[in-house]
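Peer 1:
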Amino acid sequence: MSTAQPSATAPRRHRIRTITTWILVVATGLIVPLVVTGTWALRTVTNTDNYVSTLAPLVENPAVQDAMTTTVVDSLFQAVHVQDQVAAHLPGPASALAGAITSSIRSEAEKVVHTVIASQAFAKVWNAENRLTHHLAVSILTGDSATKTDKLSLSVQALVLKVITELDKRGITLFDPLVITINKLNDAGIVLATTQQLHTAQTVFHLGITLRGVLPFVLLGVVALGLLVGINKRRTGLRLGAAALIGTVALSVLLTFGRSTFVGAVPEKSKAVADAVWTTLLRGLVGELRLLTVVFALIVAVTWLCGTSSTAGKLRGQLGRGLAWGESHALQASHSDVVVHVRKEVADRRGLVASLIGAVAGFIVVFSSSTTLAWWTLGIALVAIAILCAPLLKKAA
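Reminder that position 98 of the sequence shown reads as 1363 in the working numbering, one-by-one numbering, no gaps.
#1: Please classify H1279: does DSSP put it in a helix, a strand, or coil?
#2: Out of H1471, I1288, V1338 and L1490, state which residue places its alpha-carbon closest to the alpha-carbon of T1304.
#3: A1664: buried (16+ other C-beta within 10 angstroms of its C-beta) or exposed?
#4: Which one or two residues does DSSP pair with S1535 in a beta bridge?
#5: Looking only at its chain, what residues have a beta carbon closer than 6 Å to the beta carbon of V1494, apart from the 5 residues adjacent to it on each side?
#6: Using a threshold of 8 Å, state whether the C-beta atoms of G1364 and Q1348 are closer than that.
#7: Hey, quick one: how far does the beta strand (DSSP E) through L1457 stretch, first residue to last?
#8: Report the CB separation of V1337 from N1392 in whole angstroms; it is logged as a contact under 8 Å.
#9: Spell out the partners DSSP gives L1417 in its beta bridges.
#10: Are K1416 and T1475 closer than 8 Å when you measure CB to CB?
#11: Can you say whether V1518 is buried or exposed, counting buried as having 16 or more other CB atoms within 10 angstroms of its CB?
#12: I'd like to check one pair, L1547 with L1520: are the Cβ atoms closer than 8 Å?
#13: In angstroms with no decimal places, state the Cα-to-Cα distance between I1511 and K1498.
#14: Run the CB neighbour count on A1374, radius 10 Å, all protein chains shown included, and call it buried at 16 or more, exposed below.
#15: Does the stretch 1537-1546 come close enough to the stretch 1323-1331 to have 3 or more Cβ pairs within less than 8 Å?
#16: Based on Cα-Cα distance, which residue from L1554, L1443, L1457 and V1514 lies nearest to L1426?
#17: In or out: V1488 buried (at least 16 other Cβ within 10 Å) or exposed?
#18: Residue ranges of each alpha helix (DSSP H) run of no fewer than 4 residues wholly in the stretch 1337-1385, ordered along the chain?
#19: Using only alpha-carbon positions, find the residue among L1289, V1479 and V1345 that is nearest to I1437.
#20: Report the option in H1279, L1295 and A1332 whose CA atom is closest to the CA atom of K1534.
#21: Is V1648 buried or exposed, if buried means 16 or more other CB atoms sit within 10 Å of its CB?
#22: Would you check if the distance between the CB atom of L1484 and the CB atom of I1296 is smaller than 8 Å?
#23: With a threshold of 7 Å on Cβ separation, who are the neighbours of D1602 within its own chain once the five nearest residues in sequence on each side are excluded?
#24: Assuming contact is defined by CB atoms lying nearer than 8 Å, are I1366 and V1377 in contact in what I supplied?
#25: Mapping DSSP to helix, strand and coil, what is T1438?
#26: Mapping the DSSP letters down to three states, classify A1292 as helix, strand or coil.
#27: Let me check understanding here. Comparing Cα to Cα, which of P1298, F1440 and I1564 lies closest to V1551?
#28: Looking at the unbroken alpha helix (DSSP H) that takes in V1514, where does it start and where does it end?
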């Protein structure tokens, strides 16, 4: 009885470690998207300067420019009954021309708005308006109950004043009285997003804000514990990398569906603007996800390639021969059934180190605010992994 106890205990411990490892692998796949999204949101949305710089290119989008033009011209013509004033200044029968003249004035106003929007001076105004509304954007995304508005919009009053000044230069002075009563102007503004559009984003953003100081360390702990508990370290690294890869791909798919939901929540005439807002605001997150997908795919590929399976061994051999390493050995092992044998402990060790290099690169990509640093990190990681795996390919050849 005393000798049977250890043999019964060992498989049970092995089973517990295996189940625990798989739980940690699944947890990694779930936590990675939250960490990536939360880190991006905190870096891009909660930081005023980053928020303003992120939305700065939006003013150059044709759909947004058209929307601003329509909003400004409608505001001007609603505040001033242009056709009535034109007709009042035309003698007798000539008043019939008021409609045509009004259309001409509207056309000229639209041209002026486009000219003003395209100017460098207005770019500064646009950034200033985004800076003023930044706190409102954060309040809406965090679901602050004190927020009274149901939309995030930018005022066009500053744009209206510039347009009136430009129209004055062209001899159109009908709108001059609005300069004094500008605060009474019906300023619907340019709507960037509504609470209905941001309903799902509010949940994720609120979670990211709440757990901003915890999630990164939780992820580190989960990965470290997984590698510690895992029986086969290289294989565990492979599974953790695969889970992270699945998590980033899943987040990319969710963003695709999220875009459709965001754009679909507005009327047809506003869809182009909504699409431009989504694309501009999330371009940093999308780029980061693409880079992380490369990093995690690299981890999976390298850790698998360093494995002791016959398929991995054959592929190492083919890669080694393709790189012209060990030509004499390659000639001797040219028959089709050759299986390359590499010492298991060496392969596992190199695969584990490669996965750790990739993991470090992934963390730098996520938490770095510099795109240049992220790409340099990826490049250095590629070189380091290539150097690490080169001996395996050489031996395989």
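C-beta: ideal position from N, C-alpha, C; glycine also.
Just so it is clear, the structure is predicted and the values come from calculations on it, not from any experiment.
Peer 2: Concretely, from the data shown:
#1: If DSSP states are grouped into helix, strand and coil, H1279 belongs with the helices.
#2: Answer by Cα proximity: H1471.
#3: No information on residue 1664 is available, as it lies outside the stretch 1266 to 1662 that the chain covers here.
#4: Its beta-bridge partners do not exist; DSSP assigns none.
#5: Result list for V1494: R1282, T1285 and T1286, in chain order.
#6: Yes, Cβ-Cβ distance for G1364 and Q1348 is below 8 Å.
#7: According to the DSSP assignment, L1457 belongs to the beta strand (DSSP E) that extends over I1455 to T1459.
#8: Contact between V1337 and N1392 does not hold, since the beta-carbon distance rounds to 18 Å and is not under 8 Å.
#9: Looking at the DSSP assignment, L1417 forms a beta bridge with A1458.
#10: Cβ atoms of K1416 and T1475: not closer than 8 Å.
#11: Counting Cβ neighbours within 10 Å, V1518 comes out exposed, since fewer than 16 surround it.
#12: Yes. Within cutoff.
#13: Take the alpha-carbon of I1511 and the one of K1498: they are about 20 Å apart.
#14: With 16 or more neighbouring CB atoms inside 10 Å of its own CB, A1374 falls in the buried class.
#15: Flag = yes, the stretch 1537-1546 and the stretch 1323-1331 touch.
#16: A check of alpha carbon separations from L1426 across L1554, L1443, L1457 and V1514 identifies L1443 as the nearest.
#17: If you draw a 10 Å sphere on the C-beta of V1488, you find 16 or more other C-beta atoms in it, and that means buried.
#18: Qualifying alpha helix (DSSP H) stretches, in chain order: 1347-1353 and 1363-1382.
#19: Nearest of L1289, V1479 and V1345 to I1437, Cα basis: V1345.
#20: For the residues H1279, L1295 and A1332, the minimum Cα distance to K1534 belongs to A1332.
#21: Exposed, since its Cβ has fewer than 16 Cβ neighbours within 10 Å.
#22: Taking 8 Å as the cut-off, the Cβ atoms of L1484 and I1296 count as close.
#23: Summary for D1602: the model assigns pLDDT 39, below 50, so the residue's position carries little reliability, and this model does not support an answer.
#24: Here I1366 is not near V1377, since their CB atoms are 8 Å or more apart.
#25: Coil.
#26: DSSP places A1292 in helix when its eight states are reduced to three.
#27: Out of P1298, F1440 and I1564, the CA that lies nearest to the CA of V1551 is found in P1298.
#28: Taken as a continuous stretch (DSSP letters only), the alpha helix (DSSP H) holding V1514 covers K1498 to G1529.
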